[in-house]
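Residue numbers (the working numbering): 12 to 319.
Just so you know, even glycine gets a beta-carbon here, dropped at the ideal spot from N, CA and C.
None of these values were measured; they are calculated from a predicted model.
The structure appears below as structure tokens.
Now the structure itself:
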């Protein structure tokens, strides 16, 4: 075999090997999501069939109607088709996934607005003002953001209890603001540092003070960076589970989406079509948000990727 043929054979082998590895990674990552998605369209009890159905033979939206409260049969008492293929299942009249979605939207929106407000001011001071230890302050802030929530859940719980905020949405909003400020500050500081200094100098000549420059010059130019940081804050607070599961203390009126899905899996442990439908709704909303905001998020992340 000539060296040229050997080189081509080796190149084809490497390409085939890379394709197989990529396919295995895709299956490993997307396989569980596909299975949850397919299960959400199955009829009650059919998720226990052996051999299992890769895709339901008779797809139905009954699970979605049930968790969203659109099905009178799911909220009225008994449904046919047991978890193991027979019998009757009593559905709770409180099975309604709309309220947790509303709570998560309230928490995520409040966290995003407040975290961006605080982070933008901190990032402007670090990136545009000249003072000692400004880079060190950014690093210390980032180190605080690296601390996992499970390490501070006990003092957070004690503080919220002293403030009499347990079992409220505010108990989830305040900790999530602290969790999202470090990342948002880092992203905005990198973005602010790329803005032309000449615009700020011109604003100073016009008599604007630092806060006026921040509001009238920096913020309008930093809209993509603000948008990308806001999307990360929204997604992070939407999927937060540890604090939400602790501070709600089982109160249904303040449950967010992750806690509602966990409670649903315990209360209706054999109804995986309902649990799968709830997961698809939660993930689907975030996927739609990410797809709709992909352009601005990418622009905000890559704008400060050259240097700081």
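Restricting attention to alpha helix (DSSP H) runs no shorter than 4 residues, the stretch 139-220 encloses them at 145-157, 160-173, 181-203, 208-216, ordered along the chain. Per DSSP, the continuous alpha helix (DSSP H) segment holding residue 29 begins and ends at 14-50.
Residue burial annotation: residue 216 is exposed, with fewer than 16 other C-beta atoms found within 10 angstroms of its C-beta. For residue 274, the enclosing alpha helix (DSSP H) has its first and last residue at 268-278. With 16 or more other Cβ atoms inside 10 Å of its own Cβ, residue 282 counts as buried. In the displayed model, residue 130 falls within a helix according to three-state DSSP. At least 8 Å separates the beta-carbon of residue 119 from that of residue 291. In this structure, the straight-line span from the alpha carbon of residue 22 to that of residue 36 is close to 21 Å. With a 10 Å radius around the Cβ and a threshold of 16 neighbouring Cβ atoms, residue 303 comes out exposed. Sixteen is the threshold: since fewer than 16 other Cβ atoms of the shown chains lie within 10 Å of the Cβ of residue 24, the residue is exposed. Nearest neighbour of residue 69 by Cα position, chosen from 267, 56, 211, turns out to be 56. In the same chain as residue 152, and ignoring 5 residues on each side of it, the C-beta atoms closer than 7 Å to its own belong to 193, 196, in chain order.
Bounds of the alpha helix (DSSP H) holding residue 244 are 234-249. Exclusion of the five residues before and after residue 134 leaves 196, 199, 200, 203 as the residues of its chain whose Cβ lies within less than 6 Å of its Cβ. Within the model, the alpha-carbon separation for residue 76 versus residue 234 is close to 39 Å. Look at residue 304 here: in three-state DSSP terms it is coil, with no helix or strand label. The stretch 172-184 makes contact with the stretch 251-259; the number of CB pairs closer than 8 Å reaches 3 or more. Three or more pairs of CB atoms, one per stretch, sit closer than 8 Å, so the stretch 120-127 contacts the stretch 237-249. Its chain contains 67, 284 as the residues whose beta carbon lies nearer than 6 Å to that of residue 53, once the 5 sequence neighbours on both sides are disregarded; these appear in chain order. Contact between the stretch 221-228 and the stretch 164-182 is absent, with fewer than three C-beta pairs closer than 8 Å. Between residue 273 and residue 131, the CB-CB gap reaches or exceeds 8 Å.
In this structure, the alpha-carbon of residue 253 lies about 23 Å from that of residue 47.
For residue 109, the CB contacts under 7 Å within the same chain, skipping 5 residues up- and downstream, are 79, 80 in chain order.
Look at residue 111 here: in three-state DSSP terms it is helix.
Annotation for residue 73: the continuous alpha helix (DSSP H) segment containing it runs 73-78. For residue 262, the secondary structure class from DSSP, reduced to helix, strand or coil, is coil. Under the three-state reduction of DSSP, residue 116 is assigned to helix. Between residue 39 and residue 29, the alpha-carbon positions lie close to 15 Å from each other.
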